[in-house]
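Here is the structure we will look at.
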Amino acid sequence: MSQELPVVTVDRAPLNAQVMIDTLKKCGATHLVWLPDTESGYLYESLSTDEDLKLIPVTREGETFAIAQGLLMGGKKPVVCIQNTGFFESGDSIRGIWIDLKLPILALVGYRGWEGGGPSEDSAATFLEPVVKAWGIPYEIVQTDDEVAQIVPKMYAKSQEVGPVAVLIGGEYGE
Amino acid sequence: MIEGNKALEMLAENRSNEVVITTMSTARTWPAITSRPDLDYRLSGCMGKASSVGLGIALARPDVRVLVLDGDGSLLMNLGSLVTVASQAPKNLVHVVFDGATYDTSGAQPTPGKDVIDWAGLAKSAGYKKSANIESEDELAKQWPSLLTAEGPVFVRISVDSMWAPRRAPGLKANTWQELQANIAAI
């Protein structure tokens, strides 16, 4: 017999894309290698013409860590931004590039299905943290602009010291 | 069709200070014939991503020419990168595919699309600035010098025989990503 999980719908204010962009710029990030998702889609409108934090759109998430590696070897400071669904798709790049080479790259991962820490009916949410933990990737979750401003710089700095680090985006960006 | 390692040697003859990304079969022979091992990087951890790594370097350093020595089996794993590369349009990127229509490192099994895929056509349709299809040593000798220096992104498909019995260069040390980063910074 299957057990029905209680569904929690989190009521929260949308994230402000500009707060994330300004925070990444203050960290020293130069490029955002990205595939749009519901959590980060509005970053595009804010970044498409930004010369200080260049947006590199890809066709599939597995490209992101490889492009970021190239940018890094060319002297830049890339950040990867993908959704948890794409994080799963990127497994070989995460393993063979990001983790094995200990690349100092922060990944922002959209937490589709995030229910504020409660049970989710979305397997993309159910499996995300166990998989991130299994790979030994340090992570924190943000769901407010204040958390973005506080946690992203801390985790970015950590990525520069230890290699792969993730910030899971629990909120969605508003217009 | 060209003997694969002969084609690599012909590319190496015209190489100056380009950063070269090799992967799978091309990574086996290149260390023995390269003239600038300090600017070489062997992508071994993630099959199919040579074009993506090359794109990143090309975008980071538009003043440095980047040469990606890819394989048909590898690029099939990252076919969308043709569109990503073309949409970024790096003028300094040359993407070469050694098309042996086999997975050489696993025993020369045929790749899907063997004898069907129009690689140069795919790249052109994706939006590469220039795209060429090389079938013989004569064609490579005549066209490669201008392809190497043409405004990119440039795509070159070279028809090669299987590189299944590679002349691996034993004991040659490959650059780490940190070493290549430092060597690119010094250009």
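Chains P and L are the protein sequences, given in the same order. Per this note's numbering: the first sequence = residues 1 to 175. Per this note's numbering: the second sequence = residues 176 to 362. Ideal Cβ positions, reconstructed from N, Cα and C, are used throughout, including at glycine.
field: Enclosing alpha helix (DSSP H) for ASP313 of chain L [first to last residue]
entry: Counting from one through the second sequence, the residue named residue 313 of chain L turns up at place 138. Taken as a continuous stretch (DSSP letters only), the alpha helix (DSSP H) holding ASP313 of chain L covers 312-324.
message: Does GLY229 of chain L come out as helix, strand or coil in the three-state DSSP assignment?
response: Walking along the second sequence from the start, residue 229 of chain L turns up at place 54. GLY229 of chain L carries a helical assignment under DSSP once its states are collapsed to helix, strand and coil.
Where ALA68 of chain P meets chain L, residues with beta-carbon distance less than 8 Å: Working through the first sequence from its first residue, we reach residue 68 of chain P at position 68. Within chain L, the residues GLY231 have their CB atoms less than 8 Å from the CB of ALA68 of chain P, given in chain order.
task: Return helix, strand or coil for ASN16 of chain P, following the three-state DSSP convention.
output: Reading the first sequence from its first residue, position 16 is the one you call residue 16 of chain P. Look at ASN16 of chain P here: in three-state DSSP terms it is coil, with no helix or strand label.
message: Considering only their Cβ atoms, is the gap separating PRO237 of chain L from ASN267 of chain L smaller than 8 Å?
response: Reading the second sequence from its first residue, position 92 is the one you call residue 267 of chain L. Reading the second sequence from its first residue, position 62 is the one you call residue 237 of chain L. Cβ distance < 8 Å, so ASN267 of chain L and PRO237 of chain L count as in contact.
message: So, with DSSP's three-state summary, where would you put ARG332 of chain L?
response: In the second sequence, residue 332 of chain L corresponds to position 157, counting from 1. The answer is strand: DSSP assigns ARG332 of chain L an E or B state.
field: From P:ALA157, P:GLY117, P:PRO57, P:GLY62, residue whose alpha carbon lies closest to that of ILE94 of chain P
entry: The residue given as residue 94 of chain P occupies position 94 in the first sequence. Ranking P:ALA157, P:GLY117, P:PRO57, P:GLY62 by Cα distance to ILE94 of chain P puts P:GLY62 first.
- request: Give a yes or no on whether 8 Å exceeds the smallest Cβ distance from VAL272 of chain L to chain P.
  value: Along the second sequence, one-based indexing puts residue 272 of chain L at 97. No - not a single Cβ of chain P is within 8 Å of the one on VAL272 of chain L.
query: Do GLN263 of chain L and LEU234 of chain L have their C-beta atoms closer together than 8 Å?
result: Taking the second sequence and counting its residues from 1, the one referred to as residue 263 of chain L is at position 88. Taking the second sequence and counting its residues from 1, the one referred to as residue 234 of chain L is at position 59. Taking a C-beta distance under 8 Å as the contact criterion, GLN263 of chain L and LEU234 of chain L qualify as a contact pair.
- prompt: Around the Cβ of PRO6 of chain P, are there at least 16 other Cβ atoms within 10 angstroms (buried) or fewer (exposed)?
  reply: Counting from one through the first sequence, the residue named residue 6 of chain P turns up at place 6. For PRO6 of chain P, the pLDDT reaches just 43, beneath the cut-off of 50, and the residue's location in the model is therefore unreliable, leaving the point undetermined.
field: Beta-carbon spacing of GLY220 of chain L, ILE151 of chain P below 8 Å
entry: As a first step, residue 220 of chain L is located in the second sequence; it is residue number 45 there, counting from the start. As a first step, residue 151 of chain P is located in the first sequence; it is residue number 151 there, counting from the start. Taking 8 Å as the Cβ cut-off, GLY220 of chain L and ILE151 of chain P do not qualify as a contacting pair.
query: Going straight from the alpha carbon of LYS26 of chain P to that of ASP52 of chain P, what length do you get?
result: On the first sequence, residue 26 of chain P is found 26 positions in, with the first residue counted as 1. On the first sequence, residue 52 of chain P is found 52 positions in, with the first residue counted as 1. Distance from the CA atom of LYS26 of chain P to the CA atom of ASP52 of chain P, rounded to whole angstroms, is 11 Å.
query: Any Cβ of chain L within less than 8 Å of the Cβ of ILE56 of chain P?
result: For the purposes of this step, residue 56 of chain P is identified with residue 56 of the first sequence, where counting begins at 1. Closer than 8 Å: yes.
message: Beta-carbon within less than 7 Å of GLN160 of chain P's beta-carbon, same chain only, minus the 5 sequence neighbours each way: which residues are those?
response: Counting from 1 along the first sequence, the entry for residue 160 of chain P is found at position 160. If you ignore the 5 residues before and after GLN160 of chain P, its C-beta comes within less than 7 Å of the C-beta of PRO104, all in its own chain and listed in chain order.
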